[in-house]
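Numbering (the UniProt record's numbering), first residue to last: 1 to 645. Each remark here refers to the structure printed beneath this line.
Rendered as structure tokens:
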């Protein structure tokens, strides 16, 4: 009465190695045996190797199978295993599946000569290229199938499983019925016979039911078996490999243990279930920057947004000053940005791309009134049918400078920066919440701002923050900008930081450290003596101090009417590029790329000639890494390529 599991699959993996044509493959983080390349009889072994003391098949038992079946034509049947007598074509016991059903076969001997019986479980979908664990429990006329520990499918038939089924001179055949027709083409990880018991309670107690294991051959276990004499794998195995020219594939639990080879970086990565870990990589280093494209725009460009539309690729939206012709969208084609669509805007300041579910939006911040004297900023929605952006919702704004889109606890928000109303700079900026019932954004909260230029949303652990760059209160640019934290359903003041005409916040991470950089544009105070240069002023980088629960100043960098920061990485190196726009004498000012030097902080590495630089965007394509800058002084923006070694 020793009801030990009988590992049928392990018998196919002899101690000396795998049978010819049998391969160990790895998919979705698990190893399995691929049997389809072998000859049917090569995967057979006598039943007497399992039934040592008795040549009768158990009257009550469970069969446990873990498999990964490929998508196959609807009428095709494949055998998981059969038990057959050498001189007979009949199947004593067997399991086969079609794309939407599972068949259990057995030989009934109630009448002279016996006959083949079949129990069918309908609506069982296994052919989806995913791992599944099946538990088939048999007792007399009752047959119960549990798939991935879901609700059991119970079938009661007229013909019971035989009480005394002889297995004398019978053999197990894995993945076939002694011929190539119906050969199993997927991966088999577990095939166990448990006599005398329903194995369902033993299998369905963990969290990952699909890969629950009662007995798995050592060759398929997580730690590869190594030979004693050297470091060569005793059972070499193959795994799924993705190869791209730079595009990063998805890495989730389903791709766990898959490899990805990035041909553009000559790097090999391993998916750990959530992120790609570098296994072997030639890390690029920034050598120099060269001009890649002169992008002629409709007029001076106040801001630029680079984004990707699924299945269509990379785009850039420029926020242009003049109306008409308004602003434009460009599509990355053959290594360059090519004009794609014009959109009517009114002294546009910036664009914001965001998605809600499968919906794709692009919001523009308009600074001036339209032809009818109305002041609106507009949200555009991507039309898949027309393959362009169409006006979706107009929102009343006041000299809008910026939009910020973000999600908190599953809800979508959109915040607008209102710069001024007439000559009054001390007005409310508004946060809108998406109403899924109406499909529109509705006002949710107002926050007082002073000539504000920018919102920056970021998260730290479970906490959500929103920073505003206040620029001018009507008399001075020497004012406080604020950081708000989301608490109890609204944003509340978290910290105030003294800034000087703040035009932009940029949050970034280096390792476990969190930084926040402010771009200070100029220093002016009507009640103070004029400085020698309003525009040569320090911009500052702050670092989050966990102990103090606040951002503290980390570094000052001399800038010239800085209007934007952009953080980017090249290989293991981190960089900040600043948009210097005016030095008090000329708009032809060098913008600077700073390299992270650890203890030294950020150190100037490259000087980039720019004209009235307003905005920077970093992006990556199969052709390499790039920077795009917009000019607020001429109808010409530039794409710069980062040359690496």
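The C-beta atom is built at its ideal place from N, Cα and C for all residues, glycine as well. Quick caveat: nothing in here was measured; it's all calculated off a predicted structure.
Would you kindly work out how many angstroms separate the C-alpha atoms of residue i and residue j, rounded to a whole number?
i, j, result
"residue 127", "residue 97", "9 angstroms"
"residue 414", "residue 393", "12 angstroms"
"residue 336", "residue 467", "34 angstroms"
"residue 526", "residue 477", "9 angstroms"
"residue 330", "residue 400", "23 angstroms"
"residue 226", "residue 218", "Reliability of the predicted coordinates at residue 226 is poor, the pLDDT of 42 falling under 50, and no value is obtained from them."
"residue 185", "residue 598", "53 angstroms"
"residue 314", "residue 643", "20 angstroms"
"residue 25", "residue 47", "27 angstroms"
"residue 531", "residue 372", "42 angstroms"
"residue 495", "residue 465", "10 angstroms"
"residue 220", "residue 33", "8 angstroms"
"residue 179", "residue 189", "22 angstroms"
"residue 61", "residue 252", "36 angstroms"
"residue 66", "residue 591", "59 angstroms"
"residue 426", "residue 482", "14 angstroms"
"residue 162", "residue 311", "57 angstroms"
"residue 621", "residue 44", "52 angstroms"
"residue 259", "residue 627", "30 angstroms"
"residue 475", "residue 536", "19 angstroms"
"residue 197", "residue 3", "8 angstroms"
"residue 648", "residue 625", "Examination of residue 648 is not possible in this model, given that the chain is present from 1 through 645 alone."
"residue 282", "residue 569", "15 angstroms"
"residue 509", "residue 567", "9 angstroms"
"residue 158", "residue 140", "10 angstroms"
"residue 439", "residue 433", "10 angstroms"
"residue 408", "residue 342", "32 angstroms"
Would you mind working out which of the options sits nearest residue i, comparing C-alpha positions?
i, options, result
"residue 637", "353, 30, 439, 320", "320"
"residue 200", "153, 242, 159", "153"
"residue 411", "486, 383, 363", "486"
"residue 263", "247, 273, 644, 255", "247"
"residue 290", "99, 504, 607", "607"
"residue 384", "433, 244, 359", "359"
"residue 347", "42, 368, 429, 395", "368"
"residue 579", "622, 603, 521", "521"
"residue 594", "561, 611, 556", "556"
"residue 85", "65, 107, 145", "107"
"residue 603", "352, 574, 462, 459", "574"
"residue 417", "390, 585, 391, 450", "450"
"residue 448", "470, 261, 459", "470"
"residue 424", "473, 544, 389", "473"
"residue 266", "528, 88, 571", "571"
"residue 308", "640, 645, 629, 618", "618"
Who are the Cβ neighbours of residue i in its own chain at under 8 angstroms, not counting the five residues just before and after it?
i, result
"residue 183", "35, 36, 40, 78, 79, 175, 176"
"residue 50", "6, 8, 11, 172, 193"
"residue 366", "345, 346, 347, 348, 349, 375, 376, 377, 378, 397, 400"
"residue 275", "251"
Should residue i be listed as close to the ligand SAH, given that the test is whether its C-beta is under 6 angstroms from any heavy atom?
i, result
"residue 347", "For the structure depicted, the ligand SAH is absent and the ligand set is empty, with no information on it obtainable."
Please work out which residues of its chain come closer than 6 angstroms, Cβ to Cβ, to residue i, disregarding the five sequence neighbours upstream and downstream, and give them in chain order.
i, result
"residue 9", "191, 217"
"residue 363", "352, 379, 403"
"residue 370", "346"
"residue 138", "61, 161"
"residue 589", "560, 580, 583"
"residue 18", "none"
"residue 255", "271"
Spatial neighbours of residue i within its chain, please: C-beta separation below 7 angstroms, excluding the five flanking residues on both sides.
i, result
"residue 553", "540, 542"
"residue 129", "68, 70, 71"
"residue 565", "504, 506, 517, 519, 576, 578"
"residue 147", "124, 132, 134"
"residue 245", "263, 264, 622"
"residue 420", "398, 399, 427, 451"
State the CB to CB distance for the pair residue i and residue j, rounded to an integer number of angstroms; the pair is presumed to be in contact (CB under 8 angstroms).
i, j, result
"residue 105", "residue 94", "4 angstroms"
"residue 316", "residue 354", "With 8 angstroms as the limit, residue 316 and residue 354 do not qualify as a contact, their Cβ atoms being about 16 angstroms apart."
"residue 491", "residue 484", "4 angstroms"
"residue 460", "residue 444", "Contact doesn't hold; Cβ gap of about 22 angstroms is too wide."
"residue 587", "residue 633", "5 angstroms"
"residue 318", "residue 306", "Residue 318 to residue 306, Cβ: 10 angstroms. No contact."
"residue 142", "residue 151", "With a Cβ gap of about 16 angstroms, residue 142 and residue 151 do not count as contacting."
At a Cβ threshold of 7 angstroms, is residue i touching chain C?
i, result
"residue 253", "The structure shown has no chain C; it contains just one protein chain."
Cβ contact (3+ pairs, closer than 8 angstroms) linking the segment 114 to 126 and the segment 77 to 85: Judged by Cβ distances under 8 angstroms, the segment 114 to 126 makes no contact with the segment 77 to 85, as fewer than three pairs qualify.
Say whether the segment 180 to 198 touches the segment 51 to 61, bearing in mind that this needs 3 or more beta-carbon pairs closer than 8 angstroms, one atom from each stretch. Output reads yes: the segment 51 to 61 touches the segment 180 to 198.
On the three-pair Cβ rule with 8 angstroms, is the segment 291 to 311 touching the segment 269 to 276? Short answer: they don't touch.
Between the segment 449 to 467 and the segment 490 to 510, do at least 3 Cβ pairs fall closer than 8 angstroms? Below 8 angstroms, enough C-beta pairs join the segment 449 to 467 and the segment 490 to 510 to call them touching: three or more.
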